[in-house]
Amino acid sequence: MSKIKPSKGAPYARIMGVGGYRPTRVVPNEVILETIDSSDEWIRSRSGIATRHWASDEETVSMMSVEASGKAIADAGITPAQIGGVIVSTVSHFKQTPAVATDIAHRIGAGKPAAFDISAGCAGFGYGLTLAKGMIVEGSAEYVLVIGVERLSDLTDLEDRATAFLFGDGAGAVVVGPSQEPAIGPTVWGSEGDKSETIKQTVAWNDFHIGDVSNLPLNERGEVKFPAITQEGQAVFRWAVFEMAKVAQQALEAAGISSEDLDVFIPHQANMRIIDSMVKTLKLPEHVTVARDVETTGNTSAASIPLAMERLLATGQAKSGDTALIIGFGAGLVYAASVVTLP
67 MSKIKPSKGA PYARIMGVGG YRPTRVVPNE VILETIDSSD EWIRSRSGIA TRHWASDEET
127 VSMMSVEASG KAIADAGITP AQIGGVIVST VSHFKQTPAV ATDIAHRIGA GKPAAFDISA
187 GCAGFGYGLT LAKGMIVEGS AEYVLVIGVE RLSDLTDLED RATAFLFGDG AGAVVVGPSQ
247 EPAIGPTVWG SEGDKSETIK QTVAWNDFHI GDVSNLPLNE RGEVKFPAIT QEGQAVFRWA
307 VFEMAKVAQQ ALEAAGISSE DLDVFIPHQA NMRIIDSMVK TLKLPEHVTV ARDVETTGNT
367 SAASIPLAME RLLATGQAKS GDTALIIGFG AGLVYAASVV TLP
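According to our numbering, the residues represented by the sequence shown are 67 to 409, in order.
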């Protein structure tokens, strides 16, 4: 029997650089109110969202990813040719094949890296980060680009009073590379498929292909609606606040630290009420900086954590070397949390 040669990767991995891209168009709540019966005050009180960014036709999933990736690569101090893997988390790239990761890899000049898409909703960045860490420690790549990118405006039902104001567009990227000391803690992740109906796409793509529109949702003009994301708001809120706080605590324990050791908390930017409630449930000390990017960016799903990370560092609210707890959670239901050292 032949013996397989053992892998020779780095002892550990770390986030080396971060970059973000926010579409040019800023959409205030007043625009949302043109299609739903609500108020700016109600939207802010329910979600904490004042504005969000919506992409133009030119600001595609690929284009936004390329822009964010370029910034992350420059921040990491490496060249695109050194990238050995590209992982893209998105639910809003509408071509089933090929993966958008391959196009992004080509457009940034990365050569011939491993490139693939994943679909893990709002937890996607955490899933991608975990995969990248494994690739580096295994020796499959020296540097891996992890991208969270969404055009959720394409999947928003602007006539749905419960969700029309929630979603935004954007891309966030990080470069993960080798480290001589632990800088990405163990990931606490999982799924609860029994709650899969809690956040979902309203209609499957093949329902359009079949041609029978009798069971498809219609707008006020009697036209078939494009598939959109819908959710059971109260159920999601309770799950996020109570169950995800437990997952966050488990991530701290897995990393061997307590909340007192934290500098920064970067939760998925789903809703300001969820963020504030999680902070309270976790009993985070006052010195911990909390990302609240949702106010001006909305819920950008897989892009929300790297976008929030990039803004905290760019504005000086966090600094390189800070210890941060990150947690993503969403449709599936799925979740992923870990403790990381900021780049």
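Glycine included, each C-beta is placed from N, C-alpha and C at the ideal position. Please read all numbers here as calculations on a predicted model, not as lab measurements.
Residues near residue 197 in its chain [Cβ-Cβ closer than 7 Å; skip 5 each side]: 153
By the DSSP assignment, the alpha helix (DSSP H) with residue 191 in it spans what residues? 190-204
Below 6 Å CB to CB, which residues in the same chain sit around residue 240 once its five sequence neighbours on both sides are set aside? So the qualifying residues of the chain are 81, 84, 138, 212 and 372.
Residues in the same chain with beta-carbon distance under 7 Å from residue 168, minus the five sequence neighbours each way, listed in chain order, please. 181
What distance in whole Å lies between the Cβ atoms of residue 397 and residue 187, which are believed to be in contact at a cut-off of 8 Å? Confirmed, Cβ separation roughly 4 Å.
Ordered list of alpha helix (DSSP H) runs contained in the segment 361-394, each at least 4 residues: 370-380
Do residue 380 and residue 408 have their C-beta atoms closer together than 7 Å? no
Hey, out of 192, 105, 142 and 144, whose CA is closest to residue 313's CA? Ranking the options by Cα distance to residue 313, first place goes to 192.
Between the C-alpha atoms of residue 402 and residue 158, what's the straight-line distance to the nearest angstrom? 20 Å
Between residue 199 and residue 220, what straight-line distance do the alpha-carbon atoms span, to the nearest angstrom? Straight-line Cα distance between these residues: approximately 31 Å.
Assigned exposure category for residue 233 - 16 Cβ within 10 Å defines buried: Flag for residue 233 reads buried.
Write down the C-beta distance between residue 76 and residue 250 rounded to the nearest angstrom, noting that I regard them as a contact closer than 8 Å. A Cβ-Cβ separation of about 11 Å leaves residue 76 out of contact with residue 250 under the 8 Å criterion.
Measuring alpha carbon to alpha carbon, tell me which of 133, 74 and 214 ends up nearest residue 175. Minimum Cα distance to residue 175 is reached at 133.
Check whether the segment 352-364 touches the segment 288-306, counting contact only when three or more Cβ pairs, one atom from each stretch, lie closer than 8 Å. No: the two stretches stay apart, fewer than three of their Cβ pairs being nearer than 8 Å.
As an exercise, report each continuous alpha helix (DSSP H) stretch of at least 4 residues that is fully enclosed by the segment 93-150, in chain order. Secondary structure remark: continuous alpha helix (DSSP H) runs of at least 4 residues inside the segment 93-150, in chain order: 95-98, 106-113 and 127-142.
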